[in-house]
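Remarks on the structure that follows.
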Amino acid sequence: MSVSVEDKLFLNRYQVDEDSHIRILNQDICLQECENQECLYICPANVYQLEGDRIGVHYEGCLECGTCRIGCPHLNIEWRFPRGGFGVRHKFG
Amino acid sequence: MGAGPAGISAACILAENGVDTLVLERGEFPGAKNISGGVLYGNDLASILPDFEQRKAPIERNIVDSRIWYLSDQGGYSLSYKDEVFEDKRKYNVFTVGRAKFDRWFAKQAEEKGALVVSNTVVEDLHRDENGKVCGVKTDRPEGELEADVVLLADGINSPLAAKTGFRTDNEPEQVALGVKEIIELPRDLINERFNVEESDGVTIEILGSVTAGMNGVGALYTNKDSLSLVIGANVADFRESKKKPYELIEDFKKHPMVAKLIQGGTSWEYMAHWLPEGGFKHIPKLYGDGYLIAGDSGMLFNALHREGSNMAMISGKRAAETILESRRSGSYREDSLSAYVDKLWDSFVFKDLKKYKKFPEFMQKHSEIFNVLPELGGYAAREMLSVDSVPKKTKQRAIWKEIKSRIPRWKLFKLAWDAWRSVK
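Take a look at the structure:
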């Protein structure tokens, strides 16, 4: 089944920072050593997408749950809070 | 640190006792980053703000009807408890809220009592003096260094700072559940009609079974004034193993016939995700040390069985504040003085409840049949027994038992019942 997560993210309000608060530490690990590439399916905002020979990080839609950080079996994701006031901004909560 | 129920509760108590209190919040306003399934508890809120009704707390609906569903793919069992006592004498025992609005209001009350709430500010690190005592914080603002006698970490379950400070380790996938939530707008009259309630009254439905696709998890549907909160979550380790995408899980959930009829015609308005601390009693970190205390989700204070977290946050925040007040009188914010916090948590329901259910997280993790085989068998048994089709009941019963025995060994059923009892007794 294919669900458009983009439609869901489109409902939300974000204050997008210029710089990403998420960084993959070493792309080589993702492509050569990571068997399942958990980030591609575990993230509720589909932030991680396979783009050719690298994993793209679409941090703009991040819901700030932290799952990628601990879900990555190689702990290869550096995840910090967006700068104060940036990132997702709940409407209802 | 953190303008959620733990931080704000502590700020209210400290400020009204004349302590210079600063609350730092990383969101644009208190509540901007906050989310819960959507219920709060009046008794505990009143212990911090006895006049919360007069102060016009932004309450969505007062819960008068608590339902539990156990669902198979096509249908499910439903249990409901409705009681008039929750309409008057015990009004606001449980009520729904939108945390963006509620926490903003809650922080305002702390401000009225004299606390200073500063938003748009991330705490990046803690400062320590030459003896290792926490003596302030470093924020992401220019010249954002702040000194403090004591720091309360009410920074929530997902905090990169936790690992950095070493006060607690980052969560293991088994210790947290990932919940996704949608707010679905629906006209007020339609909600009243569909859920069989009056204008300001509401319903909670806790949902277990096949809807979590075999993962250890739970769903929920709560009524707000003009919307529904639809939540589904599962253990992060299970998400990792099953490869089920969280947004597909909630989409499937919406299509379950019992859910679909209640949300029909509604419009999705917001989509969010957050962790639930599921480690339980065994994974609570040390909650105090020289110059600091930990409260709320940050301290893993969450009762997974009763979906209670925000009350534990409020009460642990309050107890932390009381500890700080006592330490202030004694003039020391060192570990031996702040350790009184844990005694206070033992005096309250917080530690008592968490200890009582200390085996519960393990039980849920061990018995995946609750989420795969059992809902199926339960559905099959009920459907067969309720179908009036000239087949003798004894024949049906035999067929059902045969099916059950082929799918799940009898010893496993006994073990399940035994472990369930031991995990909640």
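Line order of the protein sequences matches chains A and B.
Position 73 of the first sequence, counting from 1, maps to 78 under my numbering, and the rest follow consecutively.
Position 403 of the second sequence, counting from 1, maps to 409 under my numbering, and the rest follow consecutively.
We treat Cβ as the ideally placed atom computed from N, Cα and C, and that holds for glycine.
Please read these numbers as outputs of a predicted model, since none were measured by experiment.
Handout entry: Given 8 angstroms, three or more beta-carbon pairs between the segment 270-278 of chain B and the segment 191-206 of chain B
Key = Output reads yes: the segment 191-206 of chain B touches the segment 270-278 of chain B.
Problem - Reduced DSSP category for B:A240 - H, G, I as helix; E, B as strand; rest coil - result: One-based indexing of the second sequence puts residue 240 of chain B at position 234. Judged by DSSP in its simplified three-state form, B:A240 adopts strand.
Handout entry: Chain-ordered neighbours of A:I29 on chain B, where CB pairs are closer than 8 angstroms
Key = Looking up residue 29 of chain A in the first sequence gives position 24. Neighbours of A:I29 on chain B: none; closest Cβ ~16 angstroms, over 8 angstroms.
Practice task
Compare the C-beta of A:C70 against all C-beta atoms of chain B and say whether one is closer than 8 angstroms.
Solution key: As a working note, residue 70 of chain A is residue 65 in the first sequence. Answer yes: the Cβ-Cβ gap between A:C70 and chain B drops below 8 angstroms somewhere.
Practice task
Return helix, strand or coil for A:C77, following the three-state DSSP convention.
Solution key: In the first sequence, counting from the first residue as 1, residue 77 of chain A sits at position 72. In the structure shown, A:C77 sits in coil (DSSP, three-state: anything other than H, G, I, E or B).
Practice task
Could you spell out the range, first to last residue, of the alpha helix (DSSP H) harbouring A:K13?
Solution key: On the first sequence, residue 13 of chain A is found 8 positions in, with the first residue counted as 1. Note, A:K13: alpha helix (DSSP H), V10 to L14.
Problem - Cβ pair A:S84, A:C70 closer than 8 angstroms - result: Within the first sequence, numbered from 1, the residue matching residue 84 of chain A stands at position 79. Within the first sequence, numbered from 1, the residue matching residue 70 of chain A stands at position 65. According to the sequence shown, residue 84 of chain A is Trp rather than Ser. For A:W84 and A:C70, no; Cβs fall outside 8 angstroms.
Exercise for the section: Output yes or no for whether 8 angstroms exceeds the beta carbon distance between B:S316 and B:S78. Expected result: Indexing the second sequence from 1 puts residue 316 of chain B at position 310. Indexing the second sequence from 1 puts residue 78 of chain B at position 72. No, the Cβ-Cβ distance between B:S316 and B:S78 is not below 8 angstroms.
Practice task
State buried or exposed for B:M370, treating a residue as buried only when at least 16 other CB atoms are found within 10 Å of its CB.
Solution key: Locating residue 370 of chain B in the second sequence gives position 364, counting from the first residue. Label assigned to B:M370: buried.
Practice task
Pull up the DSSP beta-bridge partners for B:I189, would you.
Solution key: In the second sequence, residue 189 of chain B corresponds to position 183, counting from 1. Answer is B:S235 and B:E276.
Practice task
Report the neighbours of B:H262 on chain A: residues whose CB is nearer than 8 angstroms to its CB, in chain order.
Solution key: Locating residue 262 of chain B in the second sequence gives position 256, where the first residue counts as 1. Under the 8 angstroms cutoff, chain A gives no residues; its nearest Cβ is about 14 angstroms from B:H262.
Exercise for the section: Grab the span of the beta strand (DSSP E) containing B:L122 for me, first residue to last. Expected result: In the second sequence, the residue the question calls residue 122 of chain B occupies position 116. L122 to V124 is the extent of the beta strand (DSSP E) around B:L122.
Problem - Given 8 angstroms, three or more beta-carbon pairs between the segment 281-290 of chain B and the segment 246-254 of chain B - result: no
Practice task
Scan the segment 354-431 of chain B and note each continuous alpha helix (DSSP H) run of 4 residues or more that stays entirely inside, going in chain order.
Solution key: 355-362, 366-372, 379-392, 399-413 and 416-430
Exercise for the section: Compare the Cα-Cα distances from A:A50 to each of A:H63, A:E56, A:D58 and A:I27 and report the closest residue. Expected result: As a working note, residue 50 of chain A is residue 45 in the first sequence. The shortest Cα separation from A:A50 among A:H63, A:E56, A:D58 and A:I27 belongs to A:H63.
Handout entry: Where B:R245 meets chain A, residues with beta-carbon distance less than 7 angstroms
Key = Taking the second sequence and counting its residues from 1, the one referred to as residue 245 of chain B is at position 239. The sequence shown places Phe at residue 245 of chain B, rather than the Arg named in the question. What B:F245 touches in chain A, judged by beta-carbon distance under 7 angstroms, is I47, going in chain order.
Practice task
Kindly indicate the opening and closing residues of the alpha helix (DSSP H) around B:R335.
Solution key: Along the second sequence, read from residue 1 onward, the residue named residue 335 of chain B stands at position 329. Run containing B:R335: S316 to S336, per the alpha helix (DSSP H) assignment.
Problem - B:L184 burial status per 10 Å Cβ neighbour count (16 or more: buried) - result: Counted from its first residue, the second sequence places residue 184 of chain B at position 178. Buried: at least 16 other Cβ atoms inside 10 Å.
Problem - Identified DSSP bridge partners for B:L28 - result: Counting from 1 along the second sequence, the entry for residue 28 of chain B is found at position 22. BP columns for B:L28 point to B:L122.
Problem - Contact set for B:E257: own chain, Cβ-Cβ below 6 angstroms, skip 5 residues either direction - result: As a first step, residue 257 of chain B is located in the second sequence; it is residue number 251 there, counting from the start. Same-chain partners within the cutoff: there are none.
Practice task
Since I believe A:E65 is in contact with A:V10 (beta carbons under 8 angstroms), could you give me their beta-carbon distance rounded to a whole number of angstroms?
Solution key: Position 5 of the first sequence, counted from the start, is the residue given in the question as residue 10 of chain A. Position 60 of the first sequence, counted from the start, is the residue given in the question as residue 65 of chain A. Actually they are not in contact, since the Cβ atoms of A:V10 and A:E65 sit about 13 angstroms apart, beyond 8 angstroms.
Practice task
Might you give, ordered along the chain, the residues of its own chain that have their beta carbon closer than 7 angstroms to the beta carbon of B:H373, omitting 5 neighbours on each side?
Solution key: The count along the second sequence starts at 1 and reaches residue 373 of chain B at position 367. Hits under 7 angstroms: L422 and D425.
Exercise for the section: Pull up the distance between the alpha-carbon of B:W75 and that of B:S84, whole angstroms please. Expected result: Locating residue 75 of chain B in the second sequence gives position 69, counting from the first residue. Locating residue 84 of chain B in the second sequence gives position 78, counting from the first residue. Taking the straight line joining both Cα atoms gives about 5 angstroms.
Practice task
Can you tell me which of the three DSSP states B:F173 falls into?
Solution key: To locate residue 173 of chain B, count along the second sequence from 1; it is residue 167. In the structure shown, B:F173 sits in coil (DSSP, three-state: anything other than H, G, I, E or B).
Practice task
Report yes if the C-beta of A:K96 is less than 7 angstroms from at least one heavy atom of the ligand COA; otherwise report no.
Solution key: Looking at this structure, you won't find the ligand COA or any other ligand, since it has none at all.
Exercise for the section: Report yes or no: is there a C-beta of chain A within less than 8 angstroms of the C-beta of B:W275? Expected result: In the second sequence, the residue the question calls residue 275 of chain B occupies position 269. Yes, contact with chain A.
Handout entry: Residue interval of the beta strand (DSSP E) (run including B:G33)
Key = Position 27 of the second sequence holds residue 33 of chain B. Element bounds for B:G33: n/a, residue is neither H nor E.
Practice task
Kindly list, in the order they appear in chain A, the residues whose Cβ is closer than 9 angstroms to that of B:L132.
Solution key: What you label residue 132 of chain B is simply residue 126 of the second sequence in a count that begins at 1. Result: empty, since nearest Cβ-Cβ is about 15 angstroms, beyond 9 angstroms.
Practice task
Keeping to the same chain, check which residues put their C-beta closer than 7 angstroms to that of B:E332; ignore five residues upstream and five downstream.
Solution key: Taking the first residue of the second sequence as 1, we reach residue 332 of chain B at position 326. Apart from the 5 residues on each side of it in sequence, B:E332 sits with its Cβ closer than 7 angstroms to the Cβ of A346 in its chain, given in chain order.
Problem - Per DSSP, cross-strand counterpart(s) of A:Y46 - result: Within the first sequence, numbered from 1, the residue matching residue 46 of chain A stands at position 41. Beta-bridge pairing links A:Y46 to no other residue.
Handout entry: Proximity below 8 angstroms, CB of A:H95 to CB of B:A38
Key = In the first sequence, the residue the question calls residue 95 of chain A occupies position 90. In the second sequence, the residue the question calls residue 38 of chain B occupies position 32. Yes; because the gap between Cβ atoms is below 8 angstroms, this pair is in contact.
Exercise for the section: Check the Cβ-Cβ distances between B:H280 and every residue of chain A, and say whether any is below 8 angstroms. Expected result: In the second sequence, the residue the question calls residue 280 of chain B occupies position 274. It does: the Cβ of B:H280 has a partner Cβ on chain A nearer than 8 angstroms.
Exercise for the section: Buried or exposed for B:T401, please, with buried defined as at least 16 other CB atoms from any protein chain shown within 10 angstroms of its CB. Expected result: Your numbering for residue 401 of chain B matches position 395 in the second sequence. The residue in question, B:T401, is exposed, as its Cβ has fewer than 16 Cβ neighbours within 10 Å.
Practice task
Determine the chain B residues that contact A:E43 at a beta-carbon separation under 8 angstroms, and present them in chain order.
Solution key: Translated into the one-based positions of the first sequence, residue 43 of chain A becomes position 38. By Cβ distance, chain B contributes R246.
Practice task
Residues of the segment 287-309 of chain B with a CB closer than 7 angstroms to any CB of chain A: list them in chain order, please.
Solution key: none
Handout entry: Nearest residue (CA-CA) to B:D342, options B:D359, B:S322, B:L299 and B:L360
Key = The sequence position of residue 342 of chain B within the second sequence is 336, counting from 1. Looking at the Cα atoms, B:L299 is the closest of the given residues.
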